[in-house]
Amino acid sequence: MAGILDTVGNTPQIALQRLNPNPRLRIYAKLEGNNPGGSVKDRPALNMIRSALERGEINKETKLIEATSGNTGIALALMAKLYGIEIELVMPASSTRERVLTMEAFGATVTLLENIETCRDYAEEKAASGTFHLLNQFSNPDNYMAHYKTTGPEIWKDTEGQVTHFVSSMGTTGTIMGCSRFLKEQNSNLQIVGCQPTEESSIPGIRRWPVEYLPKIFEPARVDRIMDVSQQEATEMTRRLAREEGIFAGMSSGGAAAAAIRLAQELESGVIVFICCDRGDRYLSSDLFG
């Protein structure tokens, strides 16, 4: 009988029925909110902890610490407790209450600070003291390898090798780095499209990093094109996904969907797959669906 960790991955991939503007191609949403922790981050969280245990870098006496904007923290809180490991999660104070409560429900300690950059500095300082072990999703190859081993192969299999464009929001960039590695090995002509916020836009889960905080796992050459998405565009598309497609997702999913739909308007044909990063229920206390 399967345990909860066996339900990570193999998420559904569904075709947009009403939002697709181009009848000559197909757009698929990969519903990562169906993971047990509710987001795509279950994949790297599991792989980072499991791999660190296998290498002997951590054990049940280890105290973990990680900076997160939300989804990775929820996933790590779930995974760490299942492995019997204590964890402190450091988040921006602007994070929704649902996210904090979910992490605490799984047994994590939550610390709220000014912004994600401050959170990253704090986590690195505590790890440097020797008291905590930092998994560091921003520079950990186990982050993108989770997607190389699972997400990419699932997309290739579910489209029967017909996918022509892969679209993903870029935060830690683990999803797009891992999927790009795998999908380009299958078809070097396949296009990898990342989306980031426009200047001054704030979209939870998507970042436009200052140079000094750019994730070390990010390799620009693995992304063929970057599309900017505004906060308004991401918000409106998130609401439309719920109302017109029945896909209840977060704002980063709306950003990826907006990029995928804009891309579809430029193409003659193809198969586009975009990542629906999480579920919408962890944004209900925000004004996203207000």
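For the sequence shown, the numbering used here assigns the number 2 to the initial residue and increments by one for each residue that follows. Note that CB positions come from ideal geometry on N, CA and C, so glycine has one too. All figures in this text were calculated on a predicted structure; none of them were measured in a lab.
Could you tell me the distance, in whole angstroms, from the CA atom of residue i to the CA atom of residue j?
i	j	result
Ala260	Val230	7 Å
Leu102	Leu26	41 Å
Ala258	Glu234	10 Å
Glu55	Pro154	23 Å
Pro1	Leu32	Outside the displayed span of the chain (2 to 291) sits residue 1, for which this structure offers no information.
Val212	Thr176	20 Å
Val194	Pro24	21 Å
Ile75	Met178	21 Å
Ser52	Glu269	43 Å
Arg280	Lys42	12 Å
Ile86	Lys64	7 Å
Ile15	Tyr29	5 Å
Asp143	Gly271	31 Å
Thr173	Arg121	12 Å
Gly247	Asp282	13 Å
Pro216	Arg19	36 Å
Gln163	Glu62	46 Å
Val9	Arg98	24 Å
Arg240	Asn141	33 Å
Ala222	His148	17 Å
Gln187	Glu220	19 Å
Gln232	Arg182	29 Å
Thr199	Ala3	43 Å
Asn137	Ala109	17 Å
Ile156	Val168	12 Å
Ser287	Pro37	22 Å
Roughly how far, in whole angstroms, is the beta-carbon of residue i from the beta-carbon of residue j, given that I think they are within contact range, below 8 Å?
i	j	result
Leu6	Leu77	Going by Cβ atoms, the distance from Leu6 to Leu77 rounds to 13 Å, so no, they are not a contact pair.
Phe107	Leu79	5 Å
Leu90	Met104	5 Å
Ala124	Ala68	4 Å
Asn21	Ala265	6 Å
Ile218	Phe139	7 Å
Between the Cα of residue i and those of the options, spot the shortest distance and give me the residue it belongs to.
i	options	result
Ile227	Thr165, Pro211, Pro142 and Met171	Met171
Leu191	Val274, Leu285 and Asn141	Val274
Gly39	Ile262, Gly256, Thr110 and Gly71	Gly71
Thr119	Ala129, Asn36 and Pro93	Pro93
Glu161	Asn144, Lys64 and Leu184	Leu184
Phe290	Ala222, Glu126, Glu269 and Met238	Met238
Ser189	Ile66, Val224 and Ile276	Val224
Leu47	Tyr29, Thr73, Ile28 and Ile66	Thr73
Cys196	Glu87, Gly255, Ala30 and Ile66	Gly255
Glu58	Phe133, Glu126, Gly4 and Pro13	Phe133
Thr12	Asp288, Glu267 and Ile276	Ile276
Ile319	Glu200, Glu267, Val111 and Ser96	The requested residue 319 is not part of the displayed model; the chain covers only 2 to 291.
His166	Ile50, Pro37, Ser286 and Glu267	Glu267
Leu17	Ile50, Thr199, Tyr284 and Ile262	Ile262
What residues in its chain sit with their C-beta under 6 Å from that of residue i, if we drop five residues either side in the sequence?
i	result
Tyr214	Glu118
Pro205	Met252
Arg208	Gly172
Ala243	Phe249
Could you pull out every residue in the same chain whose Cβ sits closer than 7 Å to the Cβ of residue i, ignoring the five residues on either side in sequence?
i	result
Met146	Asn48 and Gly179
Asn35	Thr12 and Pro13
Thr236	Met252, Gly255 and Leu289
Thr152	Arg44, Thr176, Gly179 and Cys180
Ser202	Ser231 and Gln232
Sorted by chain position, which residues of the same chain lie with C-beta nearer than 8 Å to residue i's C-beta, five sequence neighbours on each side aside?
i	result
Trp210	Pro216
Tyr284	Thr97, Glu99, Pro205, Gly251, Met252 and Phe290
>> My parser needs the alpha helix (DSSP H) runs of 4 or more residues fully inside the stretch 71 to 155; what are they?
In response: List check, alpha helix (DSSP H) in window: 72 to 83, 98 to 106, 117 to 129 and 142 to 147.
> In chain order, which alpha helix (DSSP H) runs of at least 4 residues are fully inside the stretch 171 to 196?
Replying inline: Taking only runs of at least 4 residues, the alpha helix (DSSP H) segments lying wholly in the stretch 171 to 196 are 175 to 187.
>> In chain order, what are the residue ranges of uninterrupted alpha helix (DSSP H) at least 4 long that sit wholly in the stretch 42 to 67?
In response: Entirely contained in the stretch 42 to 67, the alpha helix (DSSP H) runs reaching 4 residues are, in chain order, 43 to 55.
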